[in-house]
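Trainee:
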Amino acid sequence: MKVRFAPINVPLKRRIQTVAVLQWIFSFLLLGQFCCGLFVLLILSNFWFLGVLYLLWLYLDWGTPCAGGRRSQWVKNWTVWNYFREYFPIQLIKTSDLDPKHNYLLGFHPHGVLVAGAFGNFCTGPSFKNLFPGLTPYLHIMPIWFGCPFFREYVMSAGMVSASKESVSYVLNNAGGGHASVIVIGGAEESLNAHPGSLTLNILKRKGFIKMALIHGAHLVPVFSFGENELFKQVANPRGSRLRTIQDKLQKIMGFALPLFHARGIFQYSFGLIPFRQPIHTVVGSPILVKRNPNPTSEEVEQLHALYLQELRKLFEEHKGKYGIPEHKTLIFE
Numbered sequence: 327m328k329v330r331f332a333p334i335n336v337p338l339k340r341r342i343q344t345v346a347v348l349q350w351i352f353s354f355l356l357l358g359q360f361c362c363g364l365f366v367l368l369i370l371s372n373f374w375f376l377g378v379l380y381l382l383w384l385y386l387d388w389g390t391p392c393a394g395g396r397r398s399q400w401v402k403n404w405t406v407w408n409y410f411r412e413y414f415p416i417q418l419i420k421t422s423d424l425d426p427k428h429n430y431l432l433g434f435h436p437h438g439v440l441v442a443g444a445f446g447n448f449c450t451g452p453s454f455k456n457l458f459p460g461l462t463p464y465l466h467i468m469p470i471w472f473g474c475p476f477f478r479e480y481v482m483s484a485g486m487v488s489a490s491k492e493s494v495s496y497v498l499n500n501a502g503g504g505h506a507s508v509i510v511i512g513g514a515e516e517s518l519n520a521h522p523g524s525l526t527l528n529i530l531k532r533k534g535f536i537k538m539a540l541i542h543g544a545h546l547v548p549v550f551s552f553g554e555n556e557l558f559k560q561v562a563n564p565r566g567s568r569l570r571t572i573q574d575k576l577q578k579i580m581g582f583a584l585p586l587f588h589a590r591g592i593f594q595y596s597f598g599l600i601p602f603r604q605p606i607h608t609v610v611g612s613p614i615l616v617k618r619n620p621n622p623t624s625e626e627v628e629q630l631h632a633l634y635l636q637e638l639r640k641l642f643e644e645h646k647g648k649y650g651i652p653e654h655k656t657l658i659f660e
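My numbering puts the sequence shown at residues 327 to 660.
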């Protein structure tokens, strides 16, 4: 493989953007493991009592990720996130007003490899607040991350909360409205489909979010992030292949997927874990009005699910031409 190196005269701002993205990659691939290792070393050191105090704190604070988290505007507004968003760049597009008197459940698609659009738009910067004043977004992620010492404090400070039913209920049960649950519907399984050009969404069997919206009367909002699957290349893993079979088994055991991905490096463009500079346009659709129903039937869930799929496809079709999707391509639901 011929290595293509970055030119020497790259502007300083672009270098800083690359470092910002490198920090993000480290945070969500290695920081959790690093924090766990640091905690073990703390317990084994002469400062073990600090580890014991943190364990006490962890016990007392265990429910916080399911009770709205503990966001920090200081962390959310770090300058590094500006450079992170500018690297791609990441942009949030509004198609309709969302009345802050209501609560909303935003279904984010597709998962991609690392959900860059969801993090960049709903956890950092002022874009969401400026476009949808009065609404507070909560990005739901796998509960396992909130068991990592220290790392849990970091992700909560950015506005992330658990993806458990209890957590979603807490957010959507806000009597005064103004809350927006952001759920990556395809989950970890969908990351295994995150190849450039892929439009396959794991959604046909995912109906729990529909039931939650009905129970709490939260309006449903489809969100499609154009460019999400173009950030990385992934080792070929078609369904039925040996690699995909192993990945599926590991995903069921561990609860999260292990896509074998690569993109570019820091000083060269041929191989590495830094995502490609591909624009991400996250389009927020119009709300599907949902009437509160504490005990929805299977038929009611199916009907609303079908309507959601219809509105998601409509959102994609209306905007795909603007973001480089060929006219003949469409979403594949599985």
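Where a beta carbon is used, it is the ideal one built from N, C-alpha and C, also for glycine.
Predicted, not measured: the structure shown is a model, and the values here were computed from it.
Could you tell me which residues DSSP puts in a beta bridge with residue 420?
Mentor: Paired residue(s): 610.
Trainee: With DSSP as the reference, please indicate the residues paired to residue 559 in a beta bridge.
Mentor: BP columns for residue 559 point to 588.
Trainee: Measure from the alpha carbon of residue 599 to the alpha carbon of each residue in 589, 625 and 560, then state which is nearest.
Mentor: Ranking 589, 625 and 560 by Cα distance to residue 599 puts 589 first.
Trainee: Where residue 592 and residue 344 are concerned, what is the direct C-alpha to C-alpha distance, given to the nearest angstrom?
Mentor: Computed Cα separation, rounded: 7 Å.
Trainee: Which of helix, strand or coil does DSSP assign to residue 506?
Mentor: It is a strand residue.
Trainee: Looking only at its chain, what residues have a beta carbon closer than 8 Å to the beta carbon of residue 365, apart from the 5 residues adjacent to it on each side?
Mentor: Within the same chain, residue 365 has close Cβ partners 377, 380, 475 and 476.
Trainee: Quick check on the burial criterion: 16 or more other C-beta atoms within 10 angstroms. Buried or exposed for residue 628?
Mentor: By the 10 Å Cβ count, residue 628 comes out exposed.
Trainee: Do residue 605 and residue 566 have their CB atoms nearer than 8 Å?
Mentor: In this structure, residue 566 does not lie closer than 8 Å to residue 605 by Cβ.
Trainee: Terminal residues of the continuous alpha helix (DSSP H) containing residue 615?
Mentor: That residue, residue 615, is in no alpha helix (DSSP H); it is neither H nor E in DSSP.
Trainee: Buried or exposed: where does residue 459 fall if 16 or more other Cβ atoms within 10 Å of its Cβ makes it buried?
Mentor: Looking at its Cβ environment, which holds fewer than 16 other Cβ atoms inside 10 Å, residue 459 is exposed.
Trainee: Going by the beta-carbon positions, is the gap between residue 515 and residue 583 smaller than 8 Å?
Mentor: In contact: residue 515 and residue 583 (Cβ atoms closer than 8 Å).
Trainee: Taking 8 Å as the threshold (beta carbon to beta carbon), is residue 637 in contact with chain D?
Mentor: Of the chains in the structure shown, none is chain D; there is only one protein chain.
Trainee: Mind reading off the beta-carbon distance from residue 418 to residue 453? Whole number of angstroms is fine, and I expect it under 8 Å.
Mentor: The pair is a contact, with the Cβ atoms about 4 Å apart (cut-off 8 Å).
Trainee: In the stretch 392-480, which residue ranges form an unbroken beta strand (DSSP E) of at least 3 residues, counting only runs that do not cross its ends?
Mentor: Listed in chain order, they are 416-420, 430-435 and 462-467.
Trainee: Can you check the stretch 621-647 for any alpha helix (DSSP H) of at least 4 residues that lies completely inside it and give the ranges in chain order?
Mentor: The qualifying runs are 624-645.
Trainee: I'd like to check one pair, residue 464 with residue 510: are the Cβ atoms closer than 8 Å?
Mentor: Cβ atoms of residue 510 and residue 464: not closer than 8 Å.
Trainee: For residue 662, does the three-state DSSP call read helix, strand or coil?
Mentor: Lying outside 327 to 660, the shown extent of the chain, residue 662 is not represented and no answer is given.
Trainee: Starting from residue 487 and walking both ways along the beta strand (DSSP E), at which residues does that stretch end?
Mentor: Where residue 487 is concerned, the enclosing beta strand (DSSP E) stretches over 486-488.
Trainee: Buried or exposed: which applies to residue 563, given that a residue is buried once 16 or more other Cβ atoms fall within 10 Å of its Cβ?
Mentor: So residue 563 ends up on the buried side.
Trainee: Rounding to the nearest angstrom, what Cα-Cα distance links residue 358 and residue 492 in this structure?
Mentor: Answer to the nearest angstrom: the Cα atoms are 23 Å apart.
Trainee: What residues in its chain sit with their C-beta under 6 Å from that of residue 350, if we drop five residues either side in the sequence?
Mentor: For residue 350, where only same-chain residues beyond five positions count, the Cβ hits under 6 Å are 410.
Trainee: Rounded C-beta distance between residue 436 and residue 512? I'm assuming under 8 Å.
Mentor: Correct: roughly 6 Å between the Cβ atoms.
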